[in-house]
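**Q** Got a structure for you, written out below as structure tokens; questions coming shortly.
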Amino acid sequence: MSLLSSATIGCVILAGGRSKRYGRANKLLSRVHGQALLWWTLDAVCASSARPIIIVTGHERALVECSLREYRRRHRRVPPLRMAFNPRYRRGMSGSLQTGLRRLPASSAGALVVLGDMPALRHSVIDALIGAWRPGDEAVQPIADGKRGNPVLLSRAIFSAIDELEGDRGARLILQRSGQLRLVETRGDIDFDVDRRRDLHRPGLRRLLSARR
């Protein structure tokens, strides 16, 4: 069996941030066209081939984990959802990213890093990134209309560099410096995330979500 055919790509969903720009309510638990914002992201990830699925919690951990258990109760056929708590969530995204990557099994060749607030994400985008990955790639990132977006597939080869990140920088700096970054052309909704309440009313969101039903 080849390395490519035997490799597995996991998924780390970042669901522990405080989302200060959104306001006092927990953004990921806000209702969006019938269900929690985080659930839309879970729908796409669970329908993809990424395994295992690790969800990193932090801010309002109990509420988020309760929502995750309810999701499992209502969707009994979805794959296992592994929860990982980042006690340093106040220090920024890097800690949550590191927490999730450390929970991956040694057999994982890499991981999709998915923001919890991407209701328009499609499982086809995730699978396209996984399908495009080749040994030697440090990362795979979607691009649409010349603009790079999320989620991003990170190879295990750069996990050690990610482990040295601090604060709210994520992996952006590493991607900028990468000499082995593969770009995959995809649709234009790869940058559709939610930062503020008004984003829930952006033109086209209802259409995008209706297309996923």
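Mind the numbering: the sequence shown is residues 128 to 340 in our numbering, read in order.
Note that the Cβ used here is the ideal one computed from N, Cα and C, for glycine as well.
Model, not experiment: these values are computed from the prediction.
1) By a C-beta neighbour count over all protein chains shown, 10 Å radius and 16 as the cutoff for buried, is S129 buried or exposed?
2) Give a yes or no on whether 8 Å exceeds the smallest Cβ distance from R296 to chain C.
3) Output the distance between the C-alpha atoms of L308 and N277, rounded to the nearest integer angstrom.
4) Contact check, I285 vs A271 under 8 Å by CB: the rounded distance?
5) Give me whichever residues DSSP pairs with L310 in a beta bridge.
6) Find out if the Cβ-Cβ distance for the pair Y239, I136 is shorter than 8 Å.
7) Which of the three DSSP states is assigned to M245 in this structure?
8) Check whether the region 149-167 and the region 225-235 touch, using three or more Cβ-Cβ pairs below 8 Å as the test.
9) Three-state secondary structure (DSSP) at A163?
10) State the beta-bridge partners of K274 as determined by DSSP.
11) Can you tell me where the alpha helix (DSSP H) holding S194 begins and where it ends?
12) Between the region 210-221 and the region 249-265, are three or more C-beta pairs nearer than 8 Å?
13) Which residues share a DSSP beta bridge with S235?
14) What is the DSSP secondary structure of V342, reduced to helix, strand or coil?
15) Per DSSP, which residues does T184 bridge with? Please list them.
16) Note down the Cα distance separating K274 from V139, rounded to an integer number of angstroms.
17) Need the endpoints of the beta strand (DSSP E) that S282 sits in, please.
18) Rounded to whole angstroms, what's the CA-CA distance from I289 to V183? Just pull it up for me.
19) Return the residue from the list S175, A142, M245 that minimises the CA-CA distance to I257.
20) Report the option in I253, E312, S282, R314 whose CA atom is closest to the CA atom of I301.
**A** According to the data block:
1) Here residue 129 is taken as the residue at index 2 of the sequence shown, counted from 1. Bear in mind that a pLDDT of 41 at S129, under 50, signals an unreliable position, so the number given afterwards is only what the model happens to contain. With fewer than 16 other Cβ atoms within 10 Å, it is exposed.
2) The chain labelled as chain C is not found in the depicted structure, where only one protein chain is given.
3) Against the sequence shown, residue 308 aligns to sequence position 181. Against the sequence shown, residue 277 aligns to sequence position 150. Cα to Cα, the separation comes out at about 14 Å.
4) In the sequence shown, counting from the first residue as 1, residue 285 sits at position 158. In the sequence shown, counting from the first residue as 1, residue 271 sits at position 144. Cβ-Cβ separation between I285 and A271: approximately 23 Å, too far for a contact (criterion under 8 Å).
5) Here the question's residue 310 lines up with position 183 in the sequence shown. DSSP, once it has assigned bridges, lists Q268 as partnering L310.
6) Start at 1 with the first residue of the sequence shown, and residue 239 comes out as number 112. Start at 1 with the first residue of the sequence shown, and residue 136 comes out as number 9. Reading off the sequence, residue 239 comes out as Leu, not Tyr. Taking 8 Å as the cut-off, the beta carbon of L239 is found closer than this to the beta carbon of I136.
7) The residue given as residue 245 occupies position 118 in the sequence shown. In the structure shown, M245 falls within a coil segment according to DSSP collapsed to helix, strand and coil.
8) Two segments are said to touch when three or more pairs of C-beta atoms, one from each, lie closer than 8 Å; by this definition the region 149-167 does not touch the region 225-235.
9) The count along the sequence shown starts at 1 and reaches residue 163 at position 36. Looking at A163 - three-state DSSP - the assignment turns out to be strand.
10) As a working note, residue 274 is residue 147 in the sequence shown. K274 is bridged to A271.
11) The residue labelled residue 194 in the question sits at position 67 within the sequence shown. Counting along the chain, the alpha helix (DSSP H) containing S194 begins and ends at 188-201.
12) Fewer than three Cβ pairs drawn from the region 210-221 and the region 249-265 lie within less than 8 Å of each other, which leaves the two stretches out of contact.
13) Within the sequence shown, residue 235 is the residue found at index 108, counting from 1. T135, per the DSSP bridge assignment.
14) The requested residue 342 is not part of the displayed model; the chain covers only 128 to 340.
15) Counted from its first residue, the sequence shown places residue 184 at position 57. T184 is bridged to A142, F212.
16) In the sequence shown, the residue the question calls residue 274 occupies position 147. In the sequence shown, the residue the question calls residue 139 occupies position 12. Approximately 23 Å, taken between the alpha carbons.
17) Position 155 of the sequence shown, counted from the first residue, corresponds to residue 282. S282 -> beta strand (DSSP E) spans 279-282.
18) Here the question's residue 289 lines up with position 162 in the sequence shown. Here the question's residue 183 lines up with position 56 in the sequence shown. If you take the alpha carbons of I289 and V183, they lie about 16 Å apart.
19) Position 130 of the sequence shown, counting from 1, holds the residue named residue 257. Of the candidates S175, A142, M245, S175 places its Cα closest to the Cα of I257.
20) Indexing the sequence shown from 1 puts residue 301 at position 174. Checked all of I253, E312, S282, R314; the closest Cα to I301 is S282.
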